[in-house]
Structures are given as structure tokens and as C-alpha cells.
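Below: one structure, written as C-alpha cells.
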Amino acid sequence: MCADELFTIVKTIFEPTSSNSDDGVIINYLKRIFQVLIIGFRYYPLLAAVYLDSIVSLVCGTLYSWLDYSITLANQGLCNTDFYATLDQYIRAGNTSSLAARFDYYGTGSTLLAIQLCTDIPRSLCLAYVSIKLPFLLIDKIRQRFKRSSMSDQERMMMKFTREERLLLRISDPDSPEMLYVRNLFRQADQRPRSHHLVARLLPKFIYEWRDDFTFSTRILCIYSSIILLLFFITVQACVLILPELNSVQKKLQSFVDFLFPTSSGDDNDDETVDPATTQFPVPSLQRVFILSVVTTVLLITIQLLTLLANIRRNLFQTFRGDDSEIPRRQRSRYISYSTGNIHFGGYFIGYLIWGFILLAFFVVILWTCVEAFINFGSARILERILKMIIPTFLFIYFKQYLNKLLARYVFLQHAGEVLAINNRRILMIFIYFNLFLDAFLGFISSITRLLWSVVYGIIYMCRLDYSPLGRKLELMDGGFSAYCGYIHTECCHRHPVMLIFASHLFTQFKMKQYKQIEYLGQLSDPDRLMYAQRQKKSLRAIRKWNLGVFLIRNPMIAFFRKAYLKQLDVNDLHALTDLDGDVNNRNQRLAVYHRRASVAGLSVIEETNAELHKQQRF
């Protein structure tokens, strides 16, 4: 629902400011921040009503959603459209050329109103869903209140649980994603059962593999829903507002190209048709170019978003099992950075998507313009000159690379390259000597292509936070990738399936014992209840000590993590002992602490100095 408001703020940033405005830069940015806060305060009551899940909160949320929906419909009914200029926009623009071009292209009929109506359908559907869903939740809550007298004690106890407690109890279900993940830990990848969802059967695995043992968090689903609607609004607005201006843009662009690359004839051609013989680069009609560019950009952005969604799941699985091949291993010194990155993840994602769409659309327009010029006019002198300079160089580079591969396979390596062992070493040294001077020139060309490819792939992957164009050594200097790492590490710490299953099992056992105790106490009289409580207190204390002793005998490593033992350590040893990062320095210091304090456990649990072995014993 907030995607339309976010796009409105983005659109006002690119609009030209009024010349008679006295607001400074700081005031304008404060206004933008205030608009974002207004959006948050507008939809926060709906989230609070659903989270509190009480009759009062649901009644207030229902009335608020109905009021907001009514105001939105009334605002749209006043013909407050995005495609007709208001008085402020008319004064700010200073002329009527854009408005006149829009009317000439679409006419003065109801075309723009129909486009505006189609644009408002997604937001209206979302508001209608919220306005209908909240009353259903309220009716269900009232029905549960009236059925409370006929409920069993267990159902009444379940009603007293908070939302978090109910979710934690639900994790212990046999069909929960967390339980399926723990079961799949003991199976190979080809032995995992297939998903029973209809989407998993219809969707091919090479596009996306649906897995029952994983669910995305609500935050990811909300971010992606906002991004999809935002992408829809940007595409519609770009097509409606830019298409009428393309004829004038084509003439200006042709004049600019002729000014930069003048022809020998020097004749001015003001006609709409362009003669390729009198210009260095004939600019084709930009309408078809723009439509193809928008379709290509939306397709590439959609592919990148789906790839990022799959990578989020893969990176979470890797972090769950301690694999740092893609996401750097977490470090104690960067915990604050991970927290701030987790906060910035959603906002950075939307911001990177907007800039990625703009840059990708710009370069795709250039590419399709060149292709369209070749198709329509058959030739473009500028492109032909560029290709004549580039193609021989690239052909020589590729020939040199292919020759090196052949020599390496059949001359300089043993067993035709199957073994990394040098063959004909003297010939290899002579070839490296003479090849040095040639590779210096090829290295200069390769550095240019490296820069060009980094720009191209940086633009294509701009909306991907899991990709950093800075490389592995400098990737944490990238704000988007740092925010992505913070989100992944935070999700791993709070949504690890094994941890959730263990916590859910303990919580379920605790609530079952509590329920049995309440049920047993309900059958006793008041004096018997008092005597039972005193006996239970003494027996529980003895049982707890006995269980603790047996547990420490069977798990002597746990003795190192007891409070009485940890108080004997200094700060450095305590950090090394409780650190979960697993770096080499902390592991070595942890082993030293184990050796010094091994007598606490009553036996020597440290018999070897292999760091990996101790890590496996601990976890």
C-alpha cells in the first residue's frame, strides 16, 4: 500500500523546483523525511491492531481502515490524477510544452483517466483486502470469546498465549518448516522428499526450487510486495509521461549528434525523416526503442529480483551450517555494523532498485537505439568506425588466448592438462620471456575491458544487494552488501531452525507440565494444595540437582560454561570462550583456557590440540 506514496516522493525529487521558492536544501530534505514519517504513522495503526489481536484493537483498526479507505476513494474521486498538471506543477514548469505534448499524444478524452484508474487498482485492492480482513479477524475473536465457556482447559490455556508463544509452539509440529529442515539434515540432497505444493509441481526447478523446509520471513515478503508494486508504478509512469516527449527528444538528439560529428556537406536537415548519407549517426524513431527498452529493463529487473530471492535462501542455508564461502564469517568487532545493516536492509533494497531501474533503462535505450539504427538505415558511420577499431583488437586478443590454451594443454602441461605439472620447462621459460612484451600491450587493452565490464555488470546487478562490484577484499565497504550481510547474520542468529526446534521443544514440555500441574491442583482442596506445593518445592530442588549432576557427567564440556566457572576467568579468556565466530585466534585462546581449567570437569576432555576436533565436540 505504501509503494504509491514512496513513488510519489521519488517523483518529487526529480521534479524541477520552483525558482521563486525560498526553501533551502536542508528544508527540502526535512520535508522528504517528514513525508516518510507520515507514511509510517499512517499505516502503523493497522500493524498495531493486528499484532495486539484484541477486540478493542481490532475494532479501532477496522474503523481506521474504513476511514482511510473512504478518504482515499474520495481523493481519487476528486480527479486528483498523476497525469494532469496541477497549478503548482504548471507554475514550476514555466511552460505548457509537456502538457500540450501529452494532450497531442493521448488526446483530451478519457484515455489518461482510464490509465489512472488502472494504476490505482493495485492500491485499491490492497486497501480493500485490509478493510475486509480486519472485520473477519474481529468476528473470529468475538466468536472465540462466546465459545470460551464450552472450551476445554487446554483450549483456554492456548487462548492465553501471546502471538509469539503460539508461533513457538507451532514450530514443534511435524509438518513445520523448521522440523522438516532438522529432518533433512540427516538425509542427502537427492533423498529429500519432494514438495506437495501445487506451485512446486508447476514451477521448473531451473527457475526456482520450492522447498517445504524453508519459509521466508514476513519482512522479506512485505519488502518484495512493496517492490513489485513500486516497479509497476515506475513502469506505468515512465511509459505515460515519457512517450509524448520522444518526438522532440529525437529532434534534439539528432541536432546534438550532428553538432558533435558534423558532416562534410553541412546542410541542415529539419525534416522528420533522416537521411543516413548526410549524418554520422541517424537517430531512429525513439517510441519503439523506448517500449523495447522498458520491457527489457523490467524483464532484467524481475530476473534479478527472483535470483536475489533464491540467493537469500541459499545464503541463509550456508550461514546455518557455518559455510562462509559467499557471506563473510561474522566477527565480534562488526556486531554493531551487522545490526545497523539489518536496519538499513529494506530501505537500501528499494533505493538500489530505483537507481538500478534508471541506469539500466538508460543504457538499454542506448543499446536498442544502435540496433534500431542498423535495422532501419542499414549503417551508422560512427558505429562502423568504432567497430572497425575494436573488432581487430578483440580478434587478436581472443586468438592469443586460444593459442595459449592450446600450448598449455598439449605442450606445457603433462597428460594433456589433466595434471598440474609442467612439461618442457625450458621451452616454457623462453615462451614466457617473449610473451611478456606482448602481454604488456594486451594487459593495457584488458584493463580497459575490465573497467567497461565492471560498469556494465555494476549497472545490471545494481538492484542485487548480495552482489558487490568492489570484489571480495573490499566488499564490506559496499553499503548495500554490508546491509545484506547484516540481515543474513541477524536472521541466522534469530531464525536458526535447530535453535527454534530446541526452544520450542523446551517450551512445549514446560507448558505441558504446567497444564498437568494446574489440572491436578484443581482436583485438590485448599489445605492439600498447600501441602502439595511445599512437598513439590523440596522434591523439585532435589530432582534438579540430581539431573544437573547426571547431565554434567555425561556432558563434561558444559562445565566450562557454567556461571561459577566463568566467574573465575578474566575478560579476554571469557570473550575467547564464549565467542561463536570461530576464528583461529579465538580458537587457540579457547584451547589454552580449556587446558588450564580442565580439572573443573573432573576429567580431561582436551586430549588433542586439533582445533577442528574441539569445535565439533562443542557443537
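Once you know that position 148 of the sequence shown is 179 in this note's numbering, the rest is easy, because the numbers rise by one and skip nothing.
Glycine included, every Cβ here is placed at the ideal spot set by N, Cα and C.
Annotation: the continuous alpha helix (DSSP H) that includes W484 extends over 456-491. Per DSSP, the unbroken alpha helix (DSSP H) holding Q432 starts and ends at 412-441. DSSP places K172 inside the alpha helix (DSSP H), whose first and last residues are 142-177. Residue state for L77 is assigned as helix, using DSSP reduced to three classes. Annotation for Q362: no alpha helix (DSSP H) segment contains it, and DSSP assigns it neither H nor E. For I238, the three-state secondary structure derived from DSSP is coil. Within a 10 Å sphere around the beta-carbon of V56 sit fewer than 16 other beta-carbons, which makes this residue exposed.
Of the candidates K598, R481, Q268, R412, the residue whose Cα lies closest to the Cα of C149 is Q268. In this model, T400 and Q281 are separated by some 11 Å (Cα to Cα).
Annotated three-state conformation of I202 is coil, per DSSP. Taken atom to atom, the span from the alpha-carbon of L467 to that of L451 is near 22 Å. Residue state for L94 is assigned as helix, using DSSP reduced to three classes.
Comparing C-alpha distances from Y492 to each of K431, F541, I334, G474 shows the shortest one belongs to I334. Under the three-state reduction of DSSP, L444 is assigned to strand.
Counted as a single uninterrupted DSSP element, the alpha helix (DSSP H) harbouring G511 occupies residues 510-525. One thing to note: G517 has its Cβ no nearer than 7 Å to the Cβ of G378. Contact between F538 and L199 is confirmed by a C-beta separation of about 5 Å, below the 8 Å threshold. One thing to note: S478 has its Cβ no nearer than 7 Å to the Cβ of A392. Annotation for L473: I428, K431 place their beta carbon closer than 7 Å to its own, counting only its chain and skipping 5 residues before and after. Distances from the alpha-carbon of I259 to those of S485, I332, V326, K547 put I332 closest. Between L77 and the set I86, F65, G92, Q66, the nearest pair of CA atoms involves G92.
The C-alpha of G510 is placed about 38 Å away from the C-alpha of S162. Per DSSP, the continuous alpha helix (DSSP H) segment holding M210 begins and ends at 208-215. For S256, the enclosing alpha helix (DSSP H) starts and ends at 249-273. Shortest Cα-Cα distance from Q107 to any of L597, Q147, I343 involves Q147. If the five residues before and after V230 are omitted, its C-beta is found closer than 7 Å to the C-beta atoms of W241, all from its own chain and listed in chain order. Secondary structure note for T350: its alpha helix (DSSP H) is the uninterrupted segment 317-351. The segment 380-387 makes no contact with the segment 521-540; the number of CB pairs closer than 8 Å stays below 3. Per the Cβ contact rule, the segment 488-507 is in contact with the segment 341-359 (3 or more Cβ pairs under 8 Å). DSSP places Q281 inside the alpha helix (DSSP H), whose first and last residues are 277-291. Distances from the CA of R176 to each of F264, R363, L68, V87 were compared; the closest alpha carbon is that of V87.
Looking at the DSSP output, I453 sits in a beta bridge with L444. Taking C-beta atoms under 8 Å as the contact rule, F376 and A514 qualify, at a distance of about 5 Å.
Across the set I421, V326, L274, the C-alpha of L274 shows the shortest separation from the C-alpha of D135. For L597, the enclosing alpha helix (DSSP H) stretches over residues 594-597.
The shortest C-alpha to C-alpha distance from V486 to any of F512, R456, G387, Y546 is the one to G387.
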